[in-house]
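J.:
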Amino acid sequence: MLETADEIVALQGLLDRSHAGATSHLRNIVHAGRTLTAEDLAGLLTGMKVLSVATVTAAGEPRISALDGHFLHATWTFSTDAAAAKARHLERRPAVSVAHIDGEELAVFSHGRAEQIFPVDDDFKETLEHWTDYYDSSPLSWGEEVRLYRLRPHWMVGYAADRLEVLSRRGITA
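Per the working numbering, the sequence shown runs over residues 276 to 449.
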């Protein structure tokens with residue numbers, strides 16, 4: 276868990292605003308006892324998580340793909356190679372939807388903008404070190420032009436079928 280206290284507070288604010296502004300349909304599913312907090316997410320989303328990342332083509336058609344995701348500083352980071360179609364989509368149309376779904380028991384849904392992380396960015400070194408430590412190799416060595424991204428979410432909701440049970444089973448104190 277790399278989140279600072281300020282990042283947890285900001286994430287909780289985003290989660291609260293997102294849930295409050297959600298449709299009644301979503302609020303009927305993600306209600307008390309099923310809503311994950313910022314602290315819950317920081318504890319649950321350690322290590323690599325498979326993300327479904329939806330981008331949009333030039334024709335406005337949705338495309339979804341699975342990517343490795345790492346939740347760092349209260350947001351997702353992910354990577355792809357510049358030769359991938361999704362890299363072209365993200366460069367031209369950075370709006371994305373990102374979901375991590377763990378069976379029927381846990382899910383995190385986010386909408387926002389993907390930003391490429393460059394070596395001059397403050398968090399590039401830490402992000403690259405995290406990924407390199409996790410995989411025992413630098414993601415920059417995985418292809419000709421691997422790109423790292425962070426999600427700048429403007430909407431996020433965390434769901435657990437039974438929040439207390441999920442947290443307990445995964446060794447997280449509520």
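C-beta atoms are modelled at their ideal positions from N, C-alpha and C, and glycine is treated no differently.
In the DSSP assignment, what are the bridge partners of residue 434?
T.: 310 and 382
J.: If you compare alpha carbons, which of 325, 398, 317 and 404 is closest to residue 285?
T.: 317
J.: Are at least three pairs of beta-carbons, each pair with one atom in the segment 293-307 and one in the segment 425-438, less than 8 Å apart?
T.: Three or more beta-carbon pairs drawn from the segment 293-307 and the segment 425-438 are found closer than 8 Å, and the two stretches are therefore classed as touching.
J.: Count the other C-beta atoms from every protein chain shown that fall within 10 angstroms of the C-beta of residue 353, then say buried if there are 16 or more, exposed otherwise.
T.: buried
J.: For a test of the three-state rule: what should DSSP assign to residue 408, helix, strand or coil?
T.: In the structure shown, residue 408 sits in a helix (DSSP, three-state: H, G or I).
J.: If you draw a straight line from the C-alpha of residue 320 to the C-alpha of residue 372, how long is it?
T.: 17 Å
J.: Give me the Cα-Cα distance between residue 436 and residue 365, rounded to the nearest whole angstrom.
T.: If I take the Cα positions, the gap works out to 32 Å.
J.: Hey, which unbroken runs of the alpha helix (DSSP H) at 4 residues or more fall wholly within the segment 339-404?
T.: 360-367
J.: Keeping to the same chain, check which residues put their C-beta closer than 8 Å to that of residue 309; ignore five residues upstream and five downstream.
T.: Within the same chain, 434, 435, 436, 437 and 438 come within 8 Å of residue 309 by CB-CB distance, once the 5 residues on both sides are set aside.
J.: Nearest by alpha-carbon distance to residue 315: which of 302, 382, 356 and 342 is it?
T.: Nearest to residue 315 by C-alpha distance, out of 302, 382, 356 and 342, is 382.
J.: In this structure, what does DSSP give as the bridge partners for residue 422?
T.: Beta-bridge partners of residue 422 (DSSP): 355.
J.: By Cβ distance below 8 Å, which residues in the same chain neighbour residue 304 in space, the five residues on each side in sequence not counted?
T.: 434
J.: Residues in its own chain within less than 8 Å of residue 337 by CB, not counting five upstream and five downstream?
T.: 329, 330 and 331
J.: Alpha helix (DSSP H) containing residue 415: first to last residue?
T.: No alpha helix (DSSP H) holds residue 415; DSSP gives it neither H nor E.
J.: Given that a residue counts as buried once 16 or more other Cβ atoms are within 10 Å of its Cβ, and exposed if not, what is residue 441?
T.: buried
J.: Given this structure, state the Cα-to-Cα distance separating residue 391 from residue 362, to the nearest angstrom.
T.: 10 Å
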